[in-house]
Amino acid sequence: MKLNLVYAEISFLIILLSTYTPCQTYNWMNEWNGGAGNNAIYHSSIMDGSGNYYLAGNISFPGSGSSQTVAKFSSSGTFLWSRYFEPGGYSNSVLLALGPTGNIYVWTDRIVKIFTPGGDSVWQFTVNTSNHFAIHVTPLSEVILLDYWQDTQTQKIGFHIAKHDSLGVRLWDNTFYEPAAGDNAAISSFKVGPDSCYYVTGYSARSGSSVIVTSKILQNGLVGWQKFFNRGATPSK
412 MKLNLVYAEI SFLIILLSTY TPCQTYNWMN EWNGGAGNNA IYHSSIMDGS GNYYLAGNIS
472 FPGSGSSQTV AKFSSSGTFL WSRYFEPGGY SNSVLLALGP TGNIYVWTDR IVKIFTPGGD
532 SVWQFTVNTS NHFAIHVTPL SEVILLDYWQ DTQTQKIGFH IAKHDSLGVR LWDNTFYEPA
592 AGDNAAISSF KVGPDSCYYV TGYSARSGSS VIVTSKILQN GLVGWQKFFN RGATPSK
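Residue numbering for the sequence shown follows the working numbering, beginning at 412 and increasing consecutively.
This is the structure:
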């Protein structure tokens with residue numbers, strides 16, 4: 412099944428296409444922005460094992476500020492529920508992950524918030540980041556958070572990963588890559604391998620010269636290996 416998501420200026424536009432036949436068959440479309448006059452900005456989405464579809468982002472309300480939101484749709488496109496949280500604020504990114512019991516984990520700039528499949532708020536814990544990239548929930552309901560930070564004084568950037576237990580207590584964290592101060596750097600990809608280790612690819616660049624770095628992070632947070640390569644150079648071994 413292929414899922415195409417289109418962002419509209421004032422609403423989330425969801426289009427589900429089926430690829431069971433040689434030609435794509437249009438199944439359903441639903442447009443939602445939480446109410447007339449609202450302005451919605453899409454950030455991320457996930458689908459559970461039953462085909463229910465969750466999306467998250469920011470919503471602004473005319474004359475009353477903005478908040479983060481998560482909404483759920485059935486496999487047939489029926490709107491089921493939406494929840495608003497962190498009122499009065501705008502998040503740089505609102506990321507979603509699905510837990511082993513079906514709970515929905517939502518990561519914003521300041522919190523990780525957990526909802527049941529029915530939309531009930533379970534609990535939340537506080538984090539402090541503004542450049543979050545990925546969230547992953549393990550089979551034990553442990554929460555992996557991947558982000559990158561920038562020192563405002565030195566302008567140095569660091570790639571950072573942290574693990575929290577099922578109650579939100581931080582178990583470990585590691586800044587596993589620190590480019591030189593002044594480099595432009597960002598994370599590009601995050602994957603969980605069949606060995607349950609974490610594979611992160613990013614880059615750092617300065618004055619037209621760039622380097623790509625891929626890191627393997629072990630389950631205890633330590634770096635298993637780290638490889639660097641770029642055009643015109645021999646990859647590290």
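All residues carry an ideal CB built from backbone N, CA and C; glycine is no exception.
Query, Result
"With a threshold of 16 other CB atoms inside 10 Å of the CB of residue 640, please say whether the residue is buried or exposed.", "exposed"
"What separation, rounded to the nearest whole angstrom, lies between the Cα atoms of residue 550 and residue 455?", "21 Å"
"How would you call residue 561, buried or exposed, if buried means at least 16 neighbouring beta carbons within 10 angstroms?", "exposed"
"With a threshold of 7 Å on Cβ separation, who are the neighbours of residue 630 within its own chain once the five nearest residues in sequence on each side are excluded?", "607, 608"
"Which class does residue 468 belong to by DSSP, given the choice of helix, strand or coil?", "strand"
"Once the 5 residues before and after residue 583 are set aside, which same chain residues still bring their CB inside 8 Å of it?", "573, 574, 631, 632"
"What are the complete beta strand (DSSP E) segments, minimum 3 residues, inside the region 485-542?", "490-496, 506-509, 515-518, 522-526, 532-537"
"Measuring CA to CA, which of 457, 605, 589 is closest to residue 565?", "589"
"So who's on the other strand from residue 602, going by DSSP bridges?", "610"
"Going by DSSP, what residue range makes up the beta strand (DSSP E) through residue 463?", "That residue, residue 463, is in no beta strand (DSSP E); it is neither H nor E in DSSP."
"Do you know whose CA, among 522, 459, 542, lies nearest residue 534's CA?", "522"
"With a threshold of 6 Å on Cβ separation, who are the neighbours of residue 586 within its own chain once the five nearest residues in sequence on each side are excluded?", "569, 571"
"What is the rounded straight-line gap between the Cα of residue 636 and the Cα of residue 628?", "8 Å"
"Quick one: residues in its chain with C-beta nearer than 8 Å to the C-beta of residue 634, no 5 flanking neighbours on either side, listed in chain order?", "585, 587, 626, 627, 628"
"Give me the Cα-Cα distance between residue 492 and residue 482, rounded to the nearest whole angstrom.", "6 Å"
"Give me, in chain order, the residues of the same chain whose beta-carbon lies closer than 6 Å to that of residue 494; leave out the 5 immediate sequence neighbours on both sides.", "481, 530"
"Decide if residue 556 is buried, meaning its Cβ has at least 16 other Cβ atoms within 10 Å, or exposed.", "buried"
"What are the boundary residues of the beta strand (DSSP E) that includes residue 622?", "620-628"
"Helix, strand or coil: how does DSSP classify residue 432 here?", "Any reading at residue 432 must be qualified, since the residue scores a pLDDT of 48, below 50, and its modelled position is unreliable; no value is offered."
"Do you know offhand how far residue 596's Cα is from residue 440's?", "37 Å"
"If residue 552 and residue 532 are in contact, beta carbons under 8 Å, what's the gap, nearest whole angstrom?", "About 16 Å; that fails the 8 Å criterion."
"Go through its chain and collect everything with a Cβ distance to residue 458's Cβ below 6 Å, but skip five positions before and after it.", "464"
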